[in-house]
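Asker:
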Amino acid sequence: WAWAMDTPFKSTKLVAAHFGGTRTPMAMSWPGVIKPDATPRSQFHHLNDIAPTIYEAIGITPPEMVDGWQQDKLDGVSMVYTWHNATAEGRKAQQYFEVMG
682 WAWAMDTPFK STKLVAAHFG GTRTPMAMSW PGVIKPDATP RSQFHHLNDI
732 APTIYEAIGI TPPEMVDGWQ QDKLDGVSMV YTWHNATAEG RKAQQYFEVM
782 G
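Just so we're aligned, residue 682 is where the sequence shown starts under the numbering used here, counting upward by one.
1. Determine the burial state of H765: buried for a count of at least 16 other Cβ atoms within 10 Å of its Cβ, exposed for fewer.
2. Would a check of beta-carbon distances place A769 closer than 7 angstroms to chain C?
3. Kindly confirm or deny that the region 757 to 771 and the region 739 to 749 touch, where touching means at least three C-beta pairs closer than 8 angstroms.
4. Leaving out five residues before and five after N729 in sequence, what residues of the same chain have Cβ atoms less than 6 angstroms from its Cβ?
5. Helix, strand or coil, according to DSSP, for V761 in the structure here?
6. Counting C-beta neighbours from all protein chains within 10 Å, is the total for T763 16 or more, i.e. buried, or is it exposed?
7. With DSSP as the reference, please indicate the residues paired to M746 in a beta bridge.
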C-alpha cells in the first residue's frame, strides 16, 4: 500500500519528511453512528489513535490498573470528532515516527 497510496507525496518510505508511504488513507464505517459522507478528512492521525477512538466511541475509560499493574497513559488522540465534521481542526499536536532505524 505504501507504493499505491503515496500520491501525491513522494519517496515511499525512504524519506519520512516527504510523507510518501507514511501517510496512507483509512476508512471507518459504523452503520447508524457514522453517517456516510464522501468528504475526505485531512486531519493527521496514527495507529496509536485507534484505541482512544474505540474507547470514546463505546463510552468507556481505559483501566488505570490491570491485574495489579499500573497502566501507561495512551499516547493517541480519539478520531471521533472527525466523524461528523470533515473540516474540524486536527487535535494531534505531534506524532513521532521513524523509518528504517
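For each residue, glycine too, the CB sits at the ideal point set by N, CA and C.
Answerer: Short version:
1. exposed
2. No chain C appears in the structure shown, which is made up of a single protein chain.
3. no
4. D756 and G757
5. helix
6. buried
7. Q751
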